[in-house]
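The structure under discussion appears below in the form of structure tokens.
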Amino acid sequence: MTVPQAILGRLKDAVGAKGFCTDPAQIAPYLEEWRGKYQGHTPLLLRPATTAEVSAILRIAHETGTPIVTQGGNTGLVGGQIPFHGEVLLSTGRLNQTAPVDQSGMTLTVEAGVTLAQVQRAADDKKLLFPLSLASEGSCTIGGNIATNAGGTHVLRYGMTRALVLGLQVVLANGTVLDMLRSLAKDNSGYDLKQIFIGSEGTLGVITAATLKLFAKPDVSVTALAAVPSPAAALKLLSALQARTGGMLSAFELMPRIALELVTRHIEGTRDPLTAPSPWYVLMEATGGGDCNLAAGFEAGLADAIAGGMATDAVVASSQTQAAALWKLREGISESQRREGASIKHDIAVPVATVPDFLARATPVVEALVPGARAVSFGHLGDGNLHFNFSAPAGADNAAFLAHWDAVQQAVHDIVQEFGGSISAEHGIGAMKVASLPRYKSHGELDAMRALKAAFDPKSILNPGKTVPPVLRL
Ligand code: FAD
Ligand code: ZN
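Each position in the sequence shown, counted from 1, maps to that position plus 188 in the working numbering.
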């Protein structure tokens, strides 16, 4: 599509000289995502600095039917932030103001372009915690986290992003500003409109600011890596440790042996801290107050687990540096897979208790489709969310391996469906999965999604073609 020059001119006027860019060299980093999987193009990058400017942009876009793609930190993994068809790109990078922390109310209001790491630091400076934690936290923005309802490693204890948002400011497709920056724990005054925009992936409105929920910062944190014989044993360990710690686990991450091997091969400064290899590992963390004897309960629980065969060995971090070293083993998996070669990835969820059965059923199906594919299935066991990934066989041709993507994805997603699971646990639908969504959602659910899209964005100018599948006309 080509946006007429006259409309581009009006959009530029709406933001002033500092608020737009047409230089291809400066725009280039916004057009490619970090894996290099998607590439877009745009005639104009808009960088509004205020909600009023976002509103002015959308009023013009709505009036003229001009498509807009919103982008935060450009770390999304399903192509939602990429303008594939020459849409105008709206970056939230200059919406970067942070209000002072409300310490007694334990809330923080920030603009959408503030990075997750900045939010975490602002809370930490006041001895409070914003618990959302992702490997991309240095670059991803709070607006992007909210738009994708991001998950990460602490969902087990604190929930997804939607559980951490008290208020939102959103600009609708027609430029109307919905100012819902309330800081209320309780608000049943009609529909909870903010939740409609959380996880809507830029298709229903542009999020310009949010009021976030903060938590008391735990003063004790125990981190351990346990070797476990199987995913089923890991599940038993999860229940046992939740019971021993009174539900204080904040992370419970499953990793296969190959993940540890890839990380120690490719990520500098990492090493296997246990003496003997194990088929599976769990990285876990428990956090709490200083008086609750958490560390003693946690370590006693681990000792019992080893005695009972749920784990074969474990190392408990005795300092923050050691805890960080253990976390590096988990957080380095995606990067080490990237350095190892091509991989076919899935972000799926199944009911927690069925994770071992799912792995046993789905892994051989992929191995039969692509002989030699190496299963690197890891993830948030406590949430039933696996990054069910496969690396290309060692020395294989990357392109030939990736040619299997669609067949492998469909086979895996069909099994996920049998298990009553989700084909996207935390990354969203975006461009990557929009075509396959109708296979896994009922007509009723799809029609309800389309009705919402039509109500909030009747001209379909916001991220057109993504997340909401069109009606198929035969
Ligand atoms: P972008 O990538 O810029 O955009 C993502 C989507 O949100 C797009 O559809 C875009 O249009 C929309 N959007 C962005 N900002 C706004 C706004 N202000 N208003 C409306 N729509 C908007 N995700 C997880 O959930 N859990 C993880 O553990 C995790 N780990 C990751 C690790 C790595 C190394 C990487 C690269 C990514 C990871 N992600 C993870 C994915 C990604 O970081 C998240 O989806 C993140 O929330 C995206 O934020 P962003 O600011 O980069 O958004
Ligand atoms: Zn994840």
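Cβ coordinates follow ideal geometry from the N, Cα and C atoms, glycine included. Here the structure is a predicted model, which is why all the values come from computation and not from measurement.
- Here Gly326 is near Thr303, since their CB atoms are less than 8 Å apart.
- In terms of side-chain proximity, the C-beta atom of Ile395 is found nearer than 7 Å to a non-hydrogen atom of ligand 1.
- Scanning its chain for C-beta atoms nearer than 7 Å, with the 5 sequence neighbours on each side dropped, one finds around Leu425 the residues Ala414, Val416, Val470, Ala493, Met498 and Ala499, in chain order.
- With fewer than 16 other CB atoms across the displayed protein chains lying within 10 angstroms of its CB, Met189 is exposed.
- Between the stretch 343-362 and the stretch 386-405, the count of C-beta pairs closer than 8 Å reaches three or more; the two stretches touch.
- Under DSSP, Met443 shares a beta bridge with Tyr469.
- One Cα belongs to Gln214, the other to Lys621, and the distance between them is close to 29 Å.
- Annotation: the continuous beta strand (DSSP E) that includes Leu278 extends over Val276 to Ser279.
- Burial state of Asn573 is buried, judged by a 10 Å Cβ sphere holding 16 or more other Cβ atoms.
- A residue is called buried when at least 16 other Cβ atoms come within 10 angstroms of its Cβ; Ala587 does not meet this threshold and is exposed.
- The beta-carbon distance between Val307 and Leu296, rounded to whole angstroms, is 7 Å. This is short enough to meet the 8 Å contact definition.
- Within the same chain, and ignoring the five residues on either side of His250 in sequence, the residues whose Cβ sits closer than 8 Å to its Cβ are Ala361, Asn362, Gly363, Lys647 and Ile649.
- For Trp515, the distance from the CB to the nearest heavy atom of ligand 1 is not below 7 Å.
- When the alpha-carbon of Gly293 is set against those of Gly281, Lys314 and Ser531, the nearest one is in Lys314.
- In the DSSP assignment, Glu299 falls within the unbroken beta strand (DSSP E) covering Thr295 to Glu299.
- Check the Cα spacing between Gly529 and each of Ala561, Gln605, Thr542 and Gly339: the tightest is with Ala561.
- Annotation for Thr280 indicates a beta carbon within 7 Å of some heavy atom of ligand 1.
- By the beta-carbon neighbour count (other beta carbons within 10 angstroms, threshold 16), Arg432 is buried.
- Taking 8 Å as the upper bound for CB-CB distance, Leu356 and Leu369 are in contact here, some 7 Å apart.
- Pro255 sits buried, since 16 or more C-beta atoms from the chains shown fall within 10 Å of its C-beta.
- Judged by beta-carbon spacing, Leu429 lies beyond the 8 Å limit of Phe385, meaning their Cβ atoms are not closer than that value.
- Setting aside the 5 residues that flank it on each side, Met637 is surrounded in the same chain by Val656, each with a C-beta closer than 7 Å to its C-beta; the list follows chain order.
- Gly339 has its CB nearer than 7 Å to a heavy atom of ligand 2.
- Following the DSSP letters along the chain, one finds Asp313 inside the alpha helix (DSSP H) bounded by residues Leu304 to Asp313.
- Each of Phe440, Gly496 and Pro461 was checked against the Cα of Glu473, and the nearest Cα belongs to Phe440.
- At least 8 Å separates the beta-carbon of Ala623 from that of Lys654.
- Closer than 7 Å to some heavy atom of ligand 2: that describes the Cβ of His575.
- Taking the Cα positions, Ala205 is about 45 Å away from Arg345.
- DSSP, read as helix, strand or coil, puts Ala194 in helix.
- Inter-residue distance for Ser524 and Glu275 is about 33 Å (C-alpha atoms, whole angstroms).
- For Asn333, the shortest separation between its Cβ and any heavy atom of ligand 1 lies below 7 Å.
- In the DSSP assignment, Lys382 falls outside any beta strand (DSSP E) and within the unbroken alpha helix (DSSP H) covering Leu381 to Phe385.
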